[in-house]
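Just below is one structure, and these are the notes that go with it.
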Amino acid sequence: MKNIFKISSFSLFVLCFTSIVSFGQEATVDTAKHVRKNIIRFNLTGPLLFTTDYLVFGYERVLKENQTMSINIGQFAVGKFSNKLEEATGLEINRNTDDFGFNTSIDYRFYLGSVNKYSAPRGVYIGPFYSYNHFTRGNSWSLDGDEFEYQGEVYSEFALNIHTFGFQLGYQFIFWDRMALDLVLIGPGIANYGAKVNLDTTLSAEDEALFFEKFNAFLADKIPGYDQVIEPGEFGRSGSFNTTSAGFRYMIHLGYKF
1160 MKNIFKISSF
1170 SLFVLCFTSI
1180 VSFGQEATVD
1190 TAKHVRKNII
1200 RFNLTGPLLF
1210 TTDYLVFGYE
1220 RVLKENQTMS
1230 INIGQFAVGK
1240 FSNKLEEATG
1250 LEINRNTDDF
1260 GFNTSIDYRF
1270 YLGSVNKYSA
1280 PRGVYIGPFY
1290 SYNHFTRGNS
1300 WSLDGDEFEY
1310 QGEVYSEFAL
1320 NIHTFGFQLG
1330 YQFIFWDRMA
1340 LDLVLIGPGI
1350 ANYGAKVNLD
1360 TTLSAEDEAL
1370 FFEKFNAFLA
1380 DKIPGYDQVI
1390 EPGEFGRSGS
1400 FNTTSAGFRY
1410 MIHLGYKF
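Counting in the working numbering, the sequence shown runs from 1160 upward without gaps.
Here is the structure:
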């Protein structure tokens, strides 16, 4: 028992009596453990892949036997652009501004009763999911290299939207009847990617295409898997793209069951 009793004959009697009753009603206590139908969780994968500014929290609820639904929402971020690509791209960044992003997702889980020893939300699960990521970023750049005709400062406003529908396979561990470790192991899906960059300065067609090409390198450096989705040169032609491609979901959550 977790509670701290004062040392007295009466409290010793209560402790012994409670222990006897608990032992005699083992089935009742075991059943009580399974009434905890809720889990709150934190996404560990985002901060590891993107930045510590990526903060997404989730909630899972048992709806019926071996079936749950969860929803996740929070801040989506890709980290600040840096000048480590300056030599490779010839594009110098002055500052990052107007950074905003959010993530939301929902999934329905079927815990496999024929495989799992325990009831939901513990064990192997499968089910559909949907996720949406939105991100906007403002940046100021210096175009003063030999490649650009225009010499001066250019401000860019970048917007990214990703819709993903898919099906996932995962496993959720429950330790000490409270701590949850949720692993989304396989999550293939179909994703729609849309992005656009607007510039506050009118550039020649050549300078604009060159700027978009170099900006694309910054995106590939910050967004995992970006270069696997966007065809080379596609973004450089217009500073935008909208494409549907294969998507994938892999996540690790740490949670608390109550």
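In this text, a Cβ means the ideal position worked out from N, Cα and C, and glycines have one as well.
Computed from a predicted structure; not experimentally measured.
- Item | A1318 versus W1300: straight-line alpha-carbon distance, rounded | C-alpha separation (whole angstroms): 17 angstroms.
- Message: Between the alpha carbons of L1342 and I1333, how many angstroms are there, rounded?
- Response: Straight through space, the alpha carbons of I1333 and L1342 are spaced by roughly 12 angstroms.
- Message: Taking a contact to mean a Cβ-Cβ separation below 9 angstroms, would you say D1458 touches P1287 in this structure?
- Response: Here the chain has residues from 1160 to 1417 only, and residue 1458 is not among them.
- Task: For Y1213, count neighbouring Cβ atoms within 10 angstroms of its own Cβ and tell me buried if that reaches 16, exposed if not.
- Result: Using a 10 angstroms sphere on the CB of Y1213, the tally of other CB atoms reaches 16 or more, which defines it as buried.
- R1408, buried or exposed, once every other Cβ within 10 Å from all chains shown has been counted against 16: It counts as buried.
- Task: Let me know the secondary structure DSSP gives R1337 once reduced to three states.
- Result: It is coil, neither helix nor strand.
- Residue range of the unbroken beta strand (DSSP E) whose run includes T1361: Looking at the DSSP string, T1361 is not in any beta strand (DSSP E), and its letter there is neither H nor E.
- Of all the options K1416, V1194 and Q1226, which has the alpha carbon lying nearest to the alpha carbon of N1275? The option with the nearest alpha carbon to N1275 is Q1226.
- Task: Just confirm the distance between the C-beta atoms of V1215 and N1231, as a whole number of angstroms; I'd bet it's less than 8 angstroms.
- Result: At roughly 5 angstroms, the Cβ-Cβ gap stays under 8 angstroms, so V1215 and N1231 are in contact.
- Message: Measuring straight from C-alpha to C-alpha, what distance separates V1283 and K1239?
- Response: So the two alpha carbons sit approximately 37 angstroms from each other.
- Message: With a threshold of 7 angstroms on Cβ separation, who are the neighbours of G1406 within its own chain once the five nearest residues in sequence on each side are excluded?
- Response: Once the five neighbours on either side are set aside, the close Cβ partners of G1406 are T1323, G1325, G1348, I1349 and A1350.
- Message: Let me check understanding here. Comparing Cα to Cα, which of M1410, A1354, Y1277 and A1364 lies closest to T1403?
- Response: Comparing Cα positions, the closest option is A1354.
- Message: Is the beta carbon of I1198 closer than 9 angstroms to that of A1364?
- Response: Not in contact: A1364 and I1198 (Cβ atoms no closer than 9 angstroms).
- Quick one: what does DSSP say N1275 is sitting in, helix, strand or coil? Collapsing the DSSP output to three states places N1275 in coil.
- Item | Residue environment, F1371, which counts as buried when at least 16 other CB atoms sit within 10 Å | When all chains shown are included, F1371 counts as buried.
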